[in-house]
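Participant: Numbering (my numbering), first residue to last: 3 to 593.
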Amino acid sequence: MGDYDEDTAFLGQTGPYFWAKFFLLNTVFISTGFNGLYMVFIGAAPKHHCLVPDVNLTEEWRNAIIPVTLVNGEEVQSQCSRYRLDVVGNLSAEGYVPGRDVNLTSLQQEGCLNGWNYSKEIYQSNIVTEVSVRVHVCLYCEQKVYFFSLLFETCYIFLSPSQWDLVCDNQWKVPFASSTLFVGYLFGSLISGQLSDRFGRKKVIFISLAAQCVSVLLQSFSQSWRTFCIMFLFVGASQISLYISAFVLGTEVLSKTMRVIFTSLGAFLFYCIGYMTLPWIAYGIREWRTLLAVLSMTAVVYIPLWWFIPESPRWLITQGRVEEAEAIVREAARKNKVEAPAVIFKESEAMPLLRTYTMLDILKSRNIRCITLMCLILWMAINIGYFGLSLNTSNLSGNPFMNCFLSATTEVPAYVVSTWLLRKCPRRALLSSFLVIGGGVLLLIQFIPDTLQHVALALEMTGKFGFTMAFSIVYIYTAEIYPTVLRNVGIGMCSSAARIGSITAPYVIYLGTYNKILPYILMGSLTLASSVVNFFLPETFNRDLPETMDQMQECQGLCNGPKKKKYVENEGSGNRSTQLGTKSNLQTLTP
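(1) Comparing alpha-carbon positions, which option in S94, K49, A47 lies nearest N65?
(2) Keeping to the same chain, check which residues put their C-beta closer than 6 Å to that of F154; ignore five residues upstream and five downstream.
(3) For D9, count neighbouring C-beta atoms within 10 Å of its own C-beta (all shown protein chains included) and say buried if the count is 16 or more, exposed if not.
(4) So who's on the other strand from R84, going by DSSP bridges?
(5) Quick check on S108: buried or exposed, where buried means 16 or more other Cβ atoms within 10 Å of its Cβ?
(6) Cα-Cα, which of L318, L380, I209, I346 is closest to I305?
(7) K339 and G17: beta carbons closer than 9 Å?
(8) Pair every Cβ in the segment 499-517 with every Cβ in the segment 170-177, then say whether three or more of these pairs are closer than 8 Å.
(9) Write down the C-beta distance between V30 and L393 rounded to the nearest angstrom, noting that I regard them as a contact closer than 8 Å.
(10) Does the segment 50-68 come close enough to the segment 80-87 that 3 or more CB-CB pairs lie under 8 Å?
(11) Could you have a look at S257 and say whether DSSP puts it in helix, strand or coil?
(12) What residue range does the alpha helix (DSSP H) around N37 cover?
(13) How big is the Cα-Cα spacing for T259 and Y187?
(14) For I379, which residues of its own chain have a beta-carbon under 6 Å away from its beta-carbon, when the five flanking residues on both sides are left out?
(15) Near L424, what residues of its chain come up, given a Cβ to Cβ distance below 7 Å and the 5 sequence neighbours on each side ignored?
(16) Quick one: which unbroken alpha helix (DSSP H) runs of 4-plus residues sit fully inside the segment 186-220? Chain order, please.
(17) Indicate, with yes or no, if the ligand HEM has a heavy atom lying under 8 Å from the CB of N172.
(18) Taking only the alpha-carbon atoms, compute the straight-line gap between N517 and V89 and give it to the nearest angstrom.
(19) Express the C-alpha separation of F538 and I263 in angstroms, rounding to a whole number.
(20) Can the beta-carbon of S399 be found less than 9 Å from the beta-carbon of A458?
(21) Give me the DSSP bridge partner(s) of P540.
(22) For the pair the segment 403-410 and the segment 278-293, tell me if three or more CB-CB distances fall below 8 Å.
(23) Which ranges does the alpha helix (DSSP H) cover as unbroken runs of at least 4 residues, wholly within the segment 293-320, from first to last along the chain?
(24) Sorted by chain position, which residues of the same chain lie with C-beta nearer than 8 Å to L39's C-beta, five sequence neighbours on each side aside?
(25) Within its chain, find whatever has a CB closer than 6 Å to the CB of T374; leave out the 5 residues flanking it on each side and keep chain order.
(26) Rounded to the nearest angstrom, how far is the Cβ of V133 from that of Q165, given a contact under 8 Å?
(27) Is it the case that the segment 215-230 contacts the segment 285-303, given that we only count it when at least three CB pairs across the two stretches are under 8 Å?
(28) Can you list, in chain order, the stretches of the alpha helix (DSSP H) that have 4 or more residues and sit fully within the segment 437-486?
(29) Given that a residue counts as buried once 16 or more other Cβ atoms are within 10 Å of its Cβ, and exposed if not, what is M463?
(30) Locate the alpha helix (DSSP H) running through W174, then write down its first and last residues.
(31) Compute the Euclidean distance between the alpha carbons of P485 and V250, then round it to the nearest angstrom.
(32) Give the C-beta separation of G468 and L530 to the nearest angstrom, bearing in mind that I take them to be a contact with Cβ-Cβ under 8 Å.
(33) Applying the criterion that 16 or more other CB atoms from any shown protein chain within 10 Å of the CB defines a buried residue, is D5 buried or exposed?
(34) Below 6 Å CB to CB, which residues in the same chain sit around A327 once its five sequence neighbours on both sides are set aside?
(35) Determine the extent of the beta strand (DSSP E) in which V419 is found, giving its start and end residues.
(36) Evaluate T360 with the Cβ neighbour count: other Cβ atoms within 10 Å of its Cβ, from every protein chain shown; 16 or more gives buried, anything less gives exposed.
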């Protein structure tokens with residue numbers, strides 16, 4: 003077929019049809035903001051200490067049985083140990099008074115054998131404090147004459163409580179559960195493209211919406227931590243599949259002008275709307291099962307969109323369904339109040355078969371190997387910082403709901419500013435600057451005294467701004483570096499590295515249980531190191547997008563090999579940049 007943009011140029015660049023599809027598709031991203039980071043609230047550990055059973059203890063011993071430890075210069079009750087209950091019981095029975103007759107530091111300690119007592123000041127319940135009921139069915143078979151008599155008399159159901167208690171020795175299970183979401187991202191990003199290419203963008207969007215709704219709803223009924231993690235895997239896979247499919251559909255349905263707004267601002271800003279709304283929903287619903295059930299039900303409002311969002315005409319054309327594609331374009335012409343030609347899509351010369359490139363082609367060139375390695379480091383470091391700070395909001399001082407809202411709010415100006423700067427500034431200096439800002443302020447947090455927590459909070463929000471800026475810039479920069487024949491392969495490898503970084507992020511935050519400044523030192527150091535690596539990448543600003551491997555720029559420094567001759571266009575090849583424009587203002591890349 004001919005060029006789609008040329009064939010549909012009569013529709014114009016804006017109009018009621020394009021604006022309607024723009025807003026309808028963007029509303030889908032709000033649901034990804036709802037369901038992306040609710041683990042911040044349902045996985046937060048409230049204040050807790052060992053549960054003291056109802057035994058014969060005096061009031062003094064009941065108050066003194068929990069040891070007092072020094073944490074960050076403040077005396078707090080131990081969260082994972084108590085004085086031995088049998089010893090304390092004997093001392094209490096004999097009339098000894100703690101502190102006066104008995105030196106408490108000399109008493110033996112034991113773990114929380116009877117469970118924990120959790121504060122409900124912020125959360126009524128979450129997966130850390132969860133107490134669920136397990137159902138046990140026992141069968142005792144007896145010889146009976148009738149089958150129904152056998153079934154009735156031999157089925158017994160027993161109920162027993164099961165407490166998750168994801169603290170102390172089980173504290174590692176919280177970051178593990180968070181990582182399963184990002185593992186789902188990895189799997190979902192690998193299969194969503196193939197599914198949408200085969201079954202269509204629209205079908206995959208609504209199947210992903212349904213899968214996300216069902217997965218979150220089933221997760222709210224989880225009776226064990228393992229079941230919760232398994233369902234979180236499906237939540238992640240369906241969520242990233244929804245995001246990618248909606249993103250691709252928007253780039254294929256909208257005009258060039260609307261496509262730039264959609265990919266650079268629309269998708270990100272509407273995701274932020276969902277992200278900013280999440281803490282207020284969580285503030286109103288403090289019980290985690292109810293919260294997940296409510297979030298899952300928000301997908302119901304998207305059902306009417308099935309009749310308003312069209313299939314991608316571009317995809318229909320690739321499937322040979324030209325009449326359906328023309329019907330969609332004619333409907334767009336009617337709503338935009340323009341007249342469509344009698345024949346919209348004209349037959350043209352068949353395109354020659356192109357060679358398929360794979361990851362093996364990246365390994366063949368020393369220059370591309372070095373560039374890819376540096377890009378992988380960049381993507382991994384940025385994702386560790388971005389998701390690390392996003393998941394850390396519940397650990398900050400102050401109100402966790404307000405902290406999450408502020409963290410989401412900082413992303414709005416970051417996306418707006420990055421879109422403007424990308425049109426005017428060199429990519430390499432721009433990315434390194436915000437990497438230094440993001441990593442530098444995190445390293446400064448360790449020097450802020452505990453009495454100035456608001457300053458530490460401001461620095462963390464500044465770091466989140468820097469990481470969000472770097473997050474949006476690195477997508478465009480990486481796509482401009484790779485040639486057309488390797489662009490999808492290169493972006494795919496970098497996206498996989500990003501998923502590995504996001505899987506690692508919860509464990510980086512987990513280091514804060516040992517020392518609260520360790521996550522900041524690690525994220526800050528890794529980010530500053532990646533900013534140095536970035537200086538060895540080639541500059542792409544105001545340069546033609548490379549089409550072939552020979553046209554790809556060389557990395558700077560020791561990585562590059564012998565200088566290559568400047569390429570010359572083949573006769574009859576036409577314009578070198580035929581697919582994504584002649585200048586490096588790429589704005590249509592799927593995150």
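Glycine included, each C-beta is placed from N, C-alpha and C at the ideal position.
Facilitator: Reading off the structure:
(1) The residue you call residue 65 lines up with position 63 of the sequence shown. Comparing Cα positions, the closest option is S94.
(2) Counting from 1 along the sequence shown, the entry for residue 154 is found at position 152. For F154, the predicted model reports a pLDDT of 39, less than 50, meaning its position is unreliable and no value from the coordinates is stated.
(3) Along the sequence shown, one-based indexing puts residue 9 at 7. By the 10 Å Cβ count, D9 comes out buried.
(4) By 1-based counting over the sequence shown, the position of residue 84 is 82. In the DSSP assignment, the residues bridged to R84 are E112.
(5) Here residue 108 refers to the residue found at position 106 of the sequence shown. Exposed, because fewer than 16 other Cβ atoms sit within 10 Å of the Cβ of S108.
(6) Along the sequence shown, one-based indexing puts residue 305 at 303. Minimum Cα-Cα distance from I305 among the listed residues L318, L380, I209, I346 corresponds to I209.
(7) As a working note, residue 339 is residue 337 in the sequence shown. As a working note, residue 17 is residue 15 in the sequence shown. Yes, these two residues count as a Cβ contact at 9 Å.
(8) Three or more beta-carbon pairs separated by less than 8 Å link the segment 499-517 to the segment 170-177, which places the two stretches in contact.
(9) The count along the sequence shown starts at 1 and reaches residue 30 at position 28. The count along the sequence shown starts at 1 and reaches residue 393 at position 391. With 8 Å as the limit, V30 and L393 do not qualify as a contact, their Cβ atoms being about 24 Å apart.
(10) Segments in contact, yes.
(11) For this step, residue 257 is matched to residue 255 along the sequence shown. Judged by DSSP in its simplified three-state form, S257 adopts coil rather than helix or strand.
(12) Position 35 of the sequence shown, counted from the first residue, corresponds to residue 37. Segment 18-38, the alpha helix (DSSP H) holding N37.
(13) By 1-based counting over the sequence shown, the position of residue 259 is 257. By 1-based counting over the sequence shown, the position of residue 187 is 185. Rounded to the nearest angstrom, the two C-alpha atoms are 30 Å apart.
(14) Taking the sequence shown and counting its residues from 1, the one referred to as residue 379 is at position 377. For I379, where only same-chain residues beyond five positions count, the Cβ hits under 6 Å are S532, V535.
(15) Taking the sequence shown and counting its residues from 1, one reaches residue 424 at position 422. Excluding positions up to five away in sequence, the list reads I475, I478.
(16) Qualifying alpha helix (DSSP H) stretches: none in this window.
(17) Annotation note on the ligand HEM: not contained in the displayed structure, which lists no ligands.
(18) The sequence position of residue 517 within the sequence shown is 515, counting from 1. The sequence position of residue 89 within the sequence shown is 87, counting from 1. Distance between the alpha carbons of N517 and V89: 32 Å.
(19) As a first step, residue 263 must be located in the sequence shown, where it is residue number 261. As a first step, residue 538 must be located in the sequence shown, where it is residue number 536. If you draw a straight line from the Cα of I263 to the Cα of F538, it is about 31 Å long.
(20) As a first step, residue 399 is located in the sequence shown; it is residue number 397 there, counting from the start. As a first step, residue 458 is located in the sequence shown; it is residue number 456 there, counting from the start. Less than 9 Å divides the Cβ of S399 from the Cβ of A458.
(21) Taking the sequence shown and counting its residues from 1, the one referred to as residue 540 is at position 538. Answer is none; P540 lacks a bridge partner.
(22) The segment 403-410 is in contact with the segment 278-293.
(23) As far as the segment 293-320 is concerned, its whole alpha helix (DSSP H) runs of at least 4 residues are 315-320.
(24) On the sequence shown, position 37 is the one that residue 39 refers to. Within the same chain, L39 has close Cβ partners Y277, L280, S392, L393, C406.
(25) As a first step, residue 374 is located in the sequence shown; it is residue number 372 there, counting from the start. Within its own chain, the residues whose Cβ lies closer than 6 Å to the Cβ of T374, once the five positions on either side in sequence are excluded, are I364, listed in chain order.
(26) Your numbering for residue 133 matches position 131 in the sequence shown. Your numbering for residue 165 matches position 163 in the sequence shown. Rounded to the nearest angstrom, the Cβ distance from V133 to Q165 is 5 Å, consistent with a contact under 8 Å.
(27) Counting C-beta pairs closer than 8 Å gives three or more between the segment 285-303 and the segment 215-230, which meets the contact rule.
(28) Correct list: 455-483.
(29) As a position in the sequence shown, residue 463 is number 461, starting the count at 1. Per the 10 Å Cβ criterion, buried.
(30) In the sequence shown, counting from the first residue as 1, residue 174 sits at position 172. Note, W174: premise wrong, no alpha helix (DSSP H); not H, not E.
(31) The residue given as residue 485 occupies position 483 in the sequence shown. The residue given as residue 250 occupies position 248 in the sequence shown. One C-alpha to the other measures close to 20 Å.
(32) The sequence position of residue 468 within the sequence shown is 466, counting from 1. The sequence position of residue 530 within the sequence shown is 528, counting from 1. About 11 Å separates the Cβ atoms of G468 and L530, ruling out a contact at the 8 Å cut-off.
(33) Within the sequence shown, residue 5 is the residue found at index 3, counting from 1. Counting Cβ neighbours within 10 Å, D5 comes out exposed, since fewer than 16 surround it.
(34) Position 325 of the sequence shown, counted from the start, is the residue given in the question as residue 327. If the five residues before and after A327 are omitted, its C-beta is found closer than 6 Å to the C-beta atoms of P315, L318, I319, all from its own chain and listed in chain order.
(35) As a position in the sequence shown, residue 419 is number 417, starting the count at 1. Residue range 413-424 is occupied by the alpha helix (DSSP H) that includes V419, with no beta strand (DSSP E) assigned at that position.
(36) Start at 1 with the first residue of the sequence shown, and residue 360 comes out as number 358. It counts as exposed.
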